[in-house]
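Before any comments, here is the structure.
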Amino acid sequence: MVRCFSNNKPWMNIEIKALLKEKKRAFLSKDKQALKEVQRRLRLSIRTAKARYKNRMEEQLSQQNVAGVWRSLKTISGFKTPPVQPVGDPQHRLNYVASKSRNQRSEMTG
C-alpha cells in the first residue's frame with residue numbers, strides 16, 4: 001500500500017512513492033544491482049514529475065490563473081495562515097503584553 005501525505009512536495013505522485021518503497025526494499029536486501037536500477041528509475045521519475053509540475057505552473061501563469069499559482073506556492077513553502085486570536089478581556093491582554101515586555105527586559109539585562 002502506498003500512502004500520500006499532504007506535506008509531500010506537489011510533484012510527488014504514486015509512482016514515485018512506489019519507487020521509494022522499492023528502493024528501500026532493495027537497500028534492505030543488500031542487492032546492489034537492484035538498488036542501482038531502482039535509483040536510476042527513481043531519478044528519472046522525479047525529473048519527469050518535476051518537469052510536468054513546472055509545465056503546469058507555467059500554463060497557469062500564461063492563463064493568468066494567479067490564484068492557482070499562489071495556492072501551489074503556499075503548498076510548496078508550507079505556509080499556513082496564523083490562527084485568528086479571539087478578542088478577549090482587555091485587562092487580560094494588557095497583562096499578557098506587560099508580562100512579555102518584562103520577560104524581554106530581563107533577558108536583555110540577564
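FYI, full-length UniProt numbering numbers position 13 of the sequence shown as 13, with every residue one higher than the one before it.
For each residue, glycine too, the CB sits at the ideal point set by N, CA and C.
Endpoints, the alpha helix (DSSP H) within which residue 48 is located: Residue 48 -> alpha helix (DSSP H) spans 32-62.
Cβ-Cβ distance between residue 26 and residue 38 below 8 Å: For residue 26 and residue 38, yes; Cβs fall inside 8 Å.
Coarse secondary structure for residue 68, derived from DSSP in three states: Here residue 68 sits in helix by DSSP.
CA nearest to the CA of residue 10, picked from 18, 58, 61 and 76: Shortest Cα-Cα distance from residue 10 to any of 18, 58, 61 and 76 involves 76.
Residue 44 versus residue 16 - alpha carbon distance: About 10 Å.
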